[in-house]
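Participant: I'd like to ask you about the structure that follows.
6 protein chains.
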Amino acid sequence: MHIRVINPNTTAEMTRKIEESARAVAGPGTRLDAVNPAMGPASIESHYDEALSVPGTLAEIAEGERAGVDGYVLACFGDPGLDAARELAAGPVVGIAEAAMHAAAMLGRGFSVVTTLDRTRGRAWDLAARYGAGQTCRGVHACDIPVLELDKDPDVVDRVVAVGRAALDRDDSDVIVLGCAGMADLCGKVSAQLGVPVVDGVAAATVFVQSLITLGLRTSTRNEYAPPLPKAYTGMLADFSS
Amino acid sequence: MHIRVINPNTTAEMTRKIEESARAVAGPGTRLDAVNPAMGPASIESHYDEALSVPGTLAEIAEGERAGVDGYVLACFGDPGLDAARELAAGPVVGIAEAAMHAAAMLGRGFSVVTTLDRTRGRAWDLAARYGAGQTCRGVHACDIPVLELDKDPDVVDRVVAVGRAALDRDDSDVIVLGCAGMADLCGKVSAQLGVPVVDGVAAATVFVQSLITLGLRTSTRNEYAPPLPKAYTGMLADFSS
Amino acid sequence: MHIRVINPNTTAEMTRKIEESARAVAGPGTRLDAVNPAMGPASIESHYDEALSVPGTLAEIAEGERAGVDGYVLACFGDPGLDAARELAAGPVVGIAEAAMHAAAMLGRGFSVVTTLDRTRGRAWDLAARYGAGQTCRGVHACDIPVLELDKDPDVVDRVVAVGRAALDRDDSDVIVLGCAGMADLCGKVSAQLGVPVVDGVAAATVFVQSLITLGLRTSTRNEYAPPLPKAYTGMLADFSS
Amino acid sequence: MHIRVINPNTTAEMTRKIEESARAVAGPGTRLDAVNPAMGPASIESHYDEALSVPGTLAEIAEGERAGVDGYVLACFGDPGLDAARELAAGPVVGIAEAAMHAAAMLGRGFSVVTTLDRTRGRAWDLAARYGAGQTCRGVHACDIPVLELDKDPDVVDRVVAVGRAALDRDDSDVIVLGCAGMADLCGKVSAQLGVPVVDGVAAATVFVQSLITLGLRTSTRNEYAPPLPKAYTGMLADFSS
Amino acid sequence: MHIRVINPNTTAEMTRKIEESARAVAGPGTRLDAVNPAMGPASIESHYDEALSVPGTLAEIAEGERAGVDGYVLACFGDPGLDAARELAAGPVVGIAEAAMHAAAMLGRGFSVVTTLDRTRGRAWDLAARYGAGQTCRGVHACDIPVLELDKDPDVVDRVVAVGRAALDRDDSDVIVLGCAGMADLCGKVSAQLGVPVVDGVAAATVFVQSLITLGLRTSTRNEYAPPLPKAYTGMLADFSS
Amino acid sequence: MHIRVINPNTTAEMTRKIEESARAVAGPGTRLDAVNPAMGPASIESHYDEALSVPGTLAEIAEGERAGVDGYVLACFGDPGLDAARELAAGPVVGIAEAAMHAAAMLGRGFSVVTTLDRTRGRAWDLAARYGAGQTCRGVHACDIPVLELDKDPDVVDRVVAVGRAALDRDDSDVIVLGCAGMADLCGKVSAQLGVPVVDGVAAATVFVQSLITLGLRTSTRNEYAPPLPKAYTGMLADFSS
């Protein structure tokens with residue numbers, strides 16, 4: 112099977128890191144590649160960034176469909192464009208916040224999310240509500256490191272561990288969810304220090320979409336998620352006409 | 112005060128109709144104009160269309176900010192890009208689903224939405240949950256007329272009335288919300304026949320954003336809705352870099 | 112149009128202050144007056160006071176109906192008698208807690224209420240649940256100043272600011288709602304100091320009821336809110352028989 | 112112990128019927144009496160009626176306090192004035208909707224309410240939400256018999272049985288709650304015909320308030336339900352000043 | 112009437128203490144006895160213990176049915192086997208968490224549970240959700256005393272009072288619920304020191320099941336709670352075949 | 112890795128069928144076996160059966176731990192003993208209702224469950240609430256075929272298809288979840304006829320537990336799910352003492 116992991120931002124370095132995390136858990140029979148859009152923001156740290164990451168992400172889905180991809184991971188914790196991607200793709204599409212929250216629900220009583228910037232927490236709560244984790248998600252906490260600094264900041268593990276430890280106590284939670292695709296490589300180290308399960312959504316979404324493909328399951332086309340109706344698109348976005 | 116109504120699709124005819132509905136309720140001291148994006152879908156009937164209406168909508172907000180607009184209405188019942196628009200605009204931004212649902216909550220026990228196509232109902236439920244109308248919204252019903260046919264179909268009033276009447280009974284509701292900006296001109300006729308309040312979101316959002324401006328209120332910039340952080344945008348969307 | 116603002120307590124001084132706040136935001140074509148009942152409690156600080164403010168409030172509605180009033184504001188943060196008032200009035204009726212909570216929901220992620228006495232917080236939570244703000248309302252905090260002291264206490268602005276600032280942090284909120292009609296005149300000063308939107312329900316309800324009247328909308332009479340059935344009333348309340 | 116059952120409307124005949132139902136289940140050591148206010152509506156079938164039944168009901172509580180009553184039942188399915196009554200009474204106060212809903216929750220998976228008029232259903236839903244029965248209450252159905260006709264209509268049992276039977280099927284419920292104090296005497300007959308538990312709130316509230324008194328429990332005075340603060344009351348309601 | 116209180120653990124001393132608490136509130140006409148299973152855990156402090164307390168508890172119910180018992184109390188705060196017990200018993204069955212939460216809801220705005228060990232708190236929250244107390248239950252707090260130490264620890268009252276006092280403040284609650292049958296004898300002392308209602312579930316369940324029997328109400332057999340279907344049971348549990 | 116699928120009832124034939132479904136989706140590197148308890152009910156169709164399936168299920172977990180099993184599937188749609196199993200097992204444990212509901216949430220807007228007997232529907236709703244699928248689960252419908260007849264009834268596919276088709280319409284759902292482990296082999300046929308994703312929990316739980324093991328994740332032992340405290344067990348269950 113062929114799984115494509117889409118990093119919705121345009122930073123190729125981050126795409127590579129995401130690919131590594133995904134590849135580490137993909138099954139032996141899985142062909143996995145990771146891509147990022149040719150257009151849009153270098154990182155996603157606001158509703159504005161997220162909205163503008165969607166056209167490029169959808170272009171990658173369209174390209175993947177032509178290439179016969181069997182399923183997709185959306186590798187940004189805002190799960191940008193997930194509903195639209197599901198309309199476009201024949202196979203399953205899983206967001207990393209979605210996968211992480213479902214996984215966390217099977218591992219404990221309640222989880223805390225550790226994310227990058229304060230301002231992204233509202234989106235995480237929206238997604239928790241959307242995925243039925245409104246009660247299970249006990250808190251969303253920022254470590255105040257911008258997405259593109261995660262790689263460069265030498266103290267990032269310490270910072271995530273510190274925020275995570277405080278979250279476990281304050282939220283009375285027993286699982287940590289990493290709230291950014293750029294944290295995928297921290298999972299093992301943070302878990303070792305905190306002594307609780309730490310869920311990286313990139314890896315979780317990879318094994319979950321692989322699972323759905325194995326089960327022969329794809330998004331329902333009964334109604335809402337049927338392919339988009341063909342229609343005129345104009346201007347810069349004319350090529351998006353289906 | 113200067114209010115701009117943005118029709119997120121690219122159909123100018125529909126923009127004109129929306130402008131009429133908005134102008135009919137705007138106060139004497141209000142300068143009101145209506146615009147639509149230069150790029151994107153001709154109508155919005157899927158998550159895909161909605162996602163791709165957002166860049167053009169945000170471009171109109173950015174233009175409005177340069178022109179000193181005081182507040183915005185997003186005139187599509189999916190309220191596309193509302194969160195991003197709030198980050199971008201200094202003044203208040205109100206979506207028509209948002210306004211209609213808040214208005215309906217002040218008029219009765221529960222409302223039913225009458226919308227265009229079946230597949231758009233999921234989005235309406237998502238918005239109801241988002242706006243605290245998860246209980247007040249009793250049902251969302253399609254009249255199976257595509258957005259751009261609303262103007263051409265001679266039976267549109269009869270159809271909306273029939274669907275609305277059935278909804279009032281089935282949902283045990285007492286208010287009807289029109290689920291598409293393209294239905295704005297039907298409000299009076301439908302209400303006359305159904306004998307219950309019928310809320311058009313275009314008009315409702317216009318008076319509500321005017322209200323917020325009068326109150327001197329604008330979106331909080333404390334955290335989530337602060338202006339987006341400046342960053343590199345690439346490709347076709349490079350101009351969106353702030 | 113003719114809007115009547117009803118202060119449900121019997122303190123005329125407070126009625127005057129409320130009238131000022133309402134008048135400051137009413138449109139040029141709006142005739143606005145403010146009244147208070149001839150019977151009932153001097154201030155409303157318990158369920159008991161609130162229950163006993165309702166007969167006088169309903170008498171004012173009945174009087175307003177005879178005078179051709181187009182819509183009403185109930186200017187106490189407990190929104191006393193709102194359901195009954197809606198049965199009685201032909202036009203729309205808006206409570207100040209209701210209006211403030213709907214307005215706040217359009218301005219940020221979550222709001223905190225700053226109110227007078229501790230014991231009134233339960234009612235605020237009940238109303239938040241009723242108006243679909245159970246999630247959006249993040250906290251209700253008392254500043255421990257009785258309603259009728261608000262005017263006399265020189266430190267009232269400082270106190271409200273201090274409680275509001277603590278609330279923003281503790282509740283992780285981004286909007287403040289003033290939880291008493293007697294705080295209407297503090298709105299500007301508090302907002303200036305806190306740097307976030309501060310919503311006064313008196314002003315908000317005034318522009319919202321004005322909005323509903325402009326839209327030609329009134330309470331649904333389909334079922335629950337139809338005029339009360341005529342029936343015998345006895346004793347001191349015999350005059351309330353319709 | 113001394114329990115007082117208050118019928119909040121002014122119809123003495125109904126008070127007698129209520130007293131019988133209560134007396135039938137009260138313990139041997141319980142002194143039970145039933146009263147109704149000297150002022151207010153002959154029956155309660157709207158928010159307006161309910162609001163105006165509260166002053167008389169509170170007057171009865173005040174009188175009961177002087178007489179050393181240990182606990183109260185509010186015998187109208189709208190539980191009018193319950194919060195205010197709790198502030199006023201030293202002992203426990205239980206509403207019949209409250210008692211019936213708690214009892215029903217201990218008897219099955221979900222209950223349906225059979226009430227009098229359509230327009231009263233909204234209040235029943237509000238109370239269900241208030242008492243944590245938002246999920247357990249599966250439906251509220253009217254039999255379209257006014258409160259004061261319940262005694263006179265020879266078909267009332269048949270009608271309640273028919274509505275109840277349809278409700279069990281439609282709502283997928285397994286318990287029936289009678290939604291009016293005036294139905295108290297129908298409980299046995301309806302239950303015999305439907306073959307499911309049928310809960311009369313008058314009897315349920317009587318044994319529950321008796322239970323709370325036996326347990327030595329009374330309303331908390333820690334904060335919200337402390338006695339109302341003394342203050343000036345004016346006009347017709349001057350005597351309500353505490 | 113004959114009420115049987117079942118202590119689901121195998122510690123006879125605790126059964127005696129429970130019996131005392133129940134007997135203290137049972138009516139004069141009530142025959143009350145307390146039993147515990149012959150098999151299972153000495154105390155219930157994990158999901159594992161709770162699951163394994165159920166077979167013995169059900170055996171006691173079966174024995175009670177043969178003896179003509181009219182109603183049962185399950186005297187462990189995890190309400191183990193409540194659904195199964197309801198299928199088996201002809202009369203009503205009430206759990207002590209269930210009874211305590213319903214009682215607390217009639218006494219104040221919100222309650223805090225004080226329980227034994229930290230790890231049991233999750234179960235209390237599950238039950239609160241199940242019984243409609245998801246909002247009313249404001250917090251669950253452990254005093255870190257194992258169940259079987261409650262009798263031996265001389266400081267147990269002080270500890271429960273300290274945890275309860277902190278809970279009232281932190282949770283903004285006004286009622287305390289004791290979260291273990293082994294705390295039944297502490298109720299009076301704790302209440303005296305805290306000055307708020309303190310609910311012991313053993314006593315509460317006793318008077319509530321007595322109430323339901325008085326009302327002639329028993330678990331609905333319409334569907335889910337009908338007697339279990341006869342079928343083969345094998346191995347050590349062969350005797351459980353009905 | 113070694114995954115053990117536990118059929119909580121004692122019917123070996125059903126265990127074989129379950130093993131087949133699980134094996135069909137397990138990865139090449141996975142050692143998978145299926146077992147059933149030596150004690151308990153032949154099928155699980157009531158709360159009573161479910162409660163009594165738990166001791167045997169826990170005995171299988173204990174045996175698995177000694178054998179070095181890495182993760183478990185609980186293959187009954189009531190997910191019996193899931194919490195206790197998580198305390199006992201070092202690796203992850205996934206219930207089939209849990210897995211099916213999480214999978215369904217990633218495939219559409221809302222799902223309907225098709226189960227065996229009417230009386231089991233309450234448990235399915237409880238689990239939906241527990242797993243955050245209270246909104247996503249749109250209906251639970253019985254096909255009125257007992258568990259052990261599923262294999263023998265020649266019309267079972269037709270029946271499940273008919274109930275499923277009606278459910279999609281009535282519930283406005285777009286995914287079907289099979290509500291019994293004994294239906295695992297029907298998945299393909301039912302899906303082919305209904306044209307929507309049909310989720311079999313046995314297969315779903317197998318790939319999900321395999322996923323969690325691949326991710327290196329196991330149940331949190333921070334608090335609630337730590338190993339049960341050692342203590343005395345008596346009587347027939349003495350061997351369960353840890």
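Residue numbers (this note's numbering), protein chains in the order written: chain X, 112 to 353; chain C, 112 to 353; chain L, 112 to 353; chain W, 112 to 353; chain V, 112 to 353; chain D, 112 to 353. Quick reminder that beta carbons are idealized off the backbone N, C-alpha and C, glycines included. Just so you know, these numbers come straight off a predicted model, no measurement behind them.
Can you round the beta-carbon distance between residue 184(L) and residue 205(L) to whole angstroms, since I take them to be within the 8 Å contact cut?
Facilitator: About 6 Å; that satisfies the 8 Å criterion.
Participant: If you measure from the beta carbon of residue 220(D) to each beta carbon in chain C, is any gap under 8 Å?
Facilitator: So yes, residue 220(D) belongs to the interface.
Participant: Beta-carbon within less than 8 Å of residue 352(C)'s beta-carbon, same chain only, minus the 5 sequence neighbours each way: which residues are those?
Facilitator: The residues are 341, 342, 343 and 344.
Participant: Would the stretch 244-257 of chain L count as touching the stretch 164-176 of chain L if we require 3 or more Cβ pairs under 8 Å?
Facilitator: No, the stretch 244-257 of chain L is not in contact with the stretch 164-176 of chain L.
Participant: With residue 319(W) as the anchor, note down where its alpha helix (DSSP H) starts and where it stops.
Facilitator: Run containing residue 319(W): 312-325, per the alpha helix (DSSP H) assignment.
Participant: Where do the ends of the alpha helix (DSSP H) carrying residue 280(C) lie?
Facilitator: Here the alpha helix (DSSP H) through residue 280(C) covers 267-282.
Participant: Figure out for me which residue from 164(W), 113(W) and 158(W) has the closest Cα to the Cα of residue 121(W).
Facilitator: Ranking 164(W), 113(W) and 158(W) by Cα distance to residue 121(W) puts 164(W) first.
Participant: Put residue 353(L) into one of helix, strand or coil per three-state DSSP.
Facilitator: Coil.
Participant: Could you check whether residue 172(W) and residue 315(W) sit closer than 8 Å to each other, using their CB atoms as the reference points?
Facilitator: No, the Cβ-Cβ distance between residue 315(W) and residue 172(W) is not below 8 Å.
Participant: Does any C-beta atom of chain V lie closer than 8 Å to the C-beta of residue 290(L)?
Facilitator: Residue 290(L) does not count as touching chain V.
Participant: Note down, in chain order, each residue of its chain lying with its Cβ closer than 7 Å to the Cβ of residue 203(W), except the 5 sequence neighbours on either side.
Facilitator: 182, 320, 323, 324, 328, 329 and 330.
Participant: Less than 8 Å between the beta carbons of residue 135(D) and residue 116(D), yes or no?
Facilitator: The answer is no: Cβ separation not under 8 Å.
Participant: Could you work out which residue in 297(W), 335(W) and 124(W) is closest to residue 154(W) when comparing CA atoms only?
Facilitator: For the residues 297(W), 335(W) and 124(W), the minimum Cα distance to residue 154(W) belongs to 124(W).
Participant: So if DSSP puts residue 340(D) in a beta bridge, which residue, or which two residues, is it bridged to?
Facilitator: Its beta-bridge partners do not exist; DSSP assigns none.
Participant: Tell me which residues of the stretch 249-282 of chain L have at least one Cβ-Cβ distance to chain W shorter than 9 Å, keeping chain order.
Facilitator: Listed in sequence order: 257 and 259.
Participant: Are there three or more Cβ pairs, one per stretch, closer than 8 Å when the stretch 219-229 of chain C is compared with the stretch 189-200 of chain X?
Facilitator: No: the two stretches stay apart, fewer than three of their Cβ pairs being nearer than 8 Å.
Participant: For chain C, check one thing: does any of its Cβ atoms lie closer than 8 Å to the Cβ of residue 202(W)?
Facilitator: With 8 Å as the cut-off, residue 202(W) does not count as an interface residue toward chain C.
Participant: Per DSSP, which residues does residue 287(X) bridge with? Please list them.
Facilitator: Paired residues: 223(X) and 309(X).
Participant: Looking at chain D, is there any beta carbon in it that lies within less than 8 Å of the beta carbon of residue 183(X)?
Facilitator: No, residue 183(X) lies away from the interface with chain D (no Cβ there is under 8 Å from its Cβ).
Participant: For chain D, check one thing: does any of its Cβ atoms lie closer than 8 Å to the Cβ of residue 140(C)?
Facilitator: For residue 140(C), the answer is no, since every Cβ of chain D falls outside 8 Å of its Cβ.
Participant: Residues of chain D with CB under 9 Å from residue 246(X), in chain order?
Facilitator: The answer, in chain order, is 243.
Participant: Report yes or no: is there a C-beta of chain X within less than 8 Å of the C-beta of residue 233(V)?
Facilitator: With 8 Å as the cut-off, residue 233(V) counts as an interface residue toward chain X.
Participant: Listing by chain order, which chain V residues have their CB less than 7 Å from the CB of residue 325(W)?
Facilitator: By Cβ distance, chain V contributes 136 and 318.
Participant: So the beta strand (DSSP E) residue 144(D) belongs to, where does it begin and stop?
Facilitator: Counting along the chain, the beta strand (DSSP E) containing residue 144(D) begins and ends at 142-146.
Participant: Mark residue 260(X) as exposed unless 16 or more other C-beta atoms lie within 10 angstroms of its C-beta, in which case mark it buried.
Facilitator: Label assigned to residue 260(X): exposed.
Participant: Beta-carbon of residue 296(L) versus every beta-carbon of chain C: anything under 8 Å?
Facilitator: No, because no Cβ of chain C sits closer than 8 Å to the Cβ of residue 296(L).
Participant: Would the stretch 265-272 of chain L and the stretch 239-248 of chain L be scored as touching if the rule is three or more Cβ pairs under 8 Å?
Facilitator: Because the criterion of three Cβ pairs below 8 Å is not met, the stretch 265-272 of chain L and the stretch 239-248 of chain L do not touch.
Participant: Are there any heavy atoms of the ligand ATP lying less than 7 Å away from the beta-carbon of residue 256(W), as far as the coordinates show?
Facilitator: With respect to small molecules bound, the structure shown includes none, and the ligand ATP cannot be examined in it.
Participant: Pull up the distance between the alpha-carbon of residue 211(W) and that of residue 145(C), whole angstroms please.
Facilitator: Those two C-alpha atoms are separated by around 55 Å.
Participant: Leaving out five residues before and five after residue 187(X) in sequence, what residues of the same chain have Cβ atoms less than 6 Å from its Cβ?
Facilitator: Once the five neighbours on either side are set aside, the close Cβ partners of residue 187(X) are 119, 155 and 292.
Participant: In chain order, what residues of the same chain lie with their CB nearer than 7 Å to the CB of residue 113(W), ignoring the 5 residues before and after it?
Facilitator: 142, 179, 180 and 181, listed in sequence order.
Participant: Using the Cα positions of residue 276(X) and residue 220(W), report the straight-line distance between them to the nearest angstrom.
Facilitator: Going from the Cα of residue 276(X) to the Cα of residue 220(W) covers about 40 Å.
Participant: Using the C-alpha atoms, what's the distance from residue 317(V) back to residue 284(V)?
Facilitator: The alpha-carbon atoms of residue 284(V) and residue 317(V) are separated by roughly 25 Å.
Participant: Taking Cβ-Cβ distances shorter than 8 Å, what residues in chain W pair up with residue 342(L)?
Facilitator: Those are 152, 153, 154, 156 and 160, listed as they occur along chain W.
Participant: Express the C-alpha separation of residue 335(L) and residue 237(W) in angstroms, rounding to a whole number.
Facilitator: Going by the C-alpha atoms only, they are around 12 Å apart.
Participant: What residues from chain C crowd round residue 329(L), counting only those whose CB sits closer than 8 Å?
Facilitator: Chain C residues near residue 329(L): 218 and 308.
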